[in-house]
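For reference, the structure is listed below as structure tokens.
Numbering (this note's numbering), first residue to last: 2 to 88.
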């Protein structure tokens with residue numbers, strides 16, 4: 002299910018669903034990226050700390066959002082269903 006609206010709010014992601022609005026912390030989203038590169042780092046035990054990462058922009062990709070962070074990372078696509086699970 003796609004939200005009615007989405008936007009970067011400060012360094013976080015705001016999503017408005019039909020029945021609620023959810024604001025998801027940008028650091029938490031970056032730390033939970035499910036792209037192949039980040040999953041590899043997690044599996045090998047080399048997970049990177051993301052304490053000061055900020056969400057800069059979002060690009061709709063049909064089935065979810067591509068998130069752009071200030072550390073240069075933008076490879077992960079966050080499906081709507083995954084984003085909905087945060088709220």
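In this text, a Cβ means the ideal position worked out from N, Cα and C, and glycines have one as well.
Please read these numbers as outputs of a predicted model, since none were measured by experiment.
Task: Extent of the continuous alpha helix (DSSP H) run through residue 32 - done: 27-32
Task: Expected contact under 8 Å - CB spacing of residue 79 and residue 65 to nearest Å - done: Yes, they are in contact, since the Cβ atoms of residue 79 and residue 65 sit about 5 Å apart, within 8 Å.
- [ ] Could you name the residues of the same chain whose beta carbon sits closer than 8 Å to that of residue 59, not counting the 5 residues immediately before and after it, in chain order?
- [x] 7, 8, 9, 14, 66, 67, 68, 69
Task: 8 Å contact criterion, which residue 77 and residue 35 should meet: CB distance rounded - done: 6 Å
Open item on the list: Suppose you measure from the CA of residue 72 to the CA of residue 23; what does that come to, to the nearest Å?
Closed with: 24 Å
Open item on the list: I need the straight-line Cα distance from residue 11 to residue 44, nearest angstrom please.
Closed with: A direct Cα-to-Cα measurement between residue 11 and residue 44 gives close to 31 Å.
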